[in-house]
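Asks: Following this message is one structure expressed as structure tokens.
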């Protein structure tokens, strides 16, 4: 599944040729990087749950993996990158899209995601079905 967060960079590159591929790839994975930092700081958490589906953990990530949180992350990262790198509007939009694509892909595989820090959780939970997860990862790689 993690490869699909990089695929969005390859998909968006033709729409914004001036944007470095490395920035697009970073934008697609930034929510996971921030989740690690927020988990280590105690703002978000992960708990080991043996015999709990394909990935035996229960994660609570109301900031880094909420739709609102990813929107803010994408906006701030895109704004910073376009200003410091001297990029244009297409780059700004592509970097935002790469970050938001992370949420779309995670809804498919995670059991619970939040649209914002206070709303109900939802997700399709393909992580709990290894064969479906495997085929979905291969499908993302063909985008």
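In the working numbering, the protein residues as written are 61 to 203.
We treat Cβ as the ideally placed atom computed from N, Cα and C, and that holds for glycine.
Model, not experiment: these values are computed from the prediction.
1) Just to confirm my understanding: we take residue 202, look at its own chain, exclude 5 residues before and 5 after, and list those with CB closer than 6 Å. What are they?
2) Going by DSSP, name the residue or residues bridged to residue 117.
3) Short of 7 Å in beta carbon distance, which residues of its chain neighbour residue 156, apart from the five on each side in sequence? Order them along the chain.
4) Might you give, ordered along the chain, the residues of its own chain that have their beta carbon closer than 6 Å to the beta carbon of residue 144, omitting 5 neighbours on each side?
5) Going by other Cβ atoms of all chains shown within 10 Å of its Cβ, with 16 needed for buried, is residue 96 buried or exposed?
6) Are the stretch 116 to 126 and the stretch 71 to 85 touching by the rule of at least three beta carbon pairs closer than 8 Å?
Replies: In short, the structure shows the following:
1) Counted from its first residue, the chain shown places residue 202 at position 142. Because the pLDDT of residue 202 is 42, which lies under 50, any placement of that residue in the model is unreliable, and the question is left without a value.
2) Within the chain shown, residue 117 is the residue found at index 57, counting from 1. Partner(s): 108.
3) One-based indexing of the chain shown puts residue 156 at position 96. So the list reads 134, 135, 138, once near-sequence residues are dropped.
4) By 1-based counting over the chain shown, the position of residue 144 is 84. The answer is none, since no qualifying residue turns up.
5) Here residue 96 refers to the residue found at position 36 of the chain shown. Exposed is the call here.
6) no
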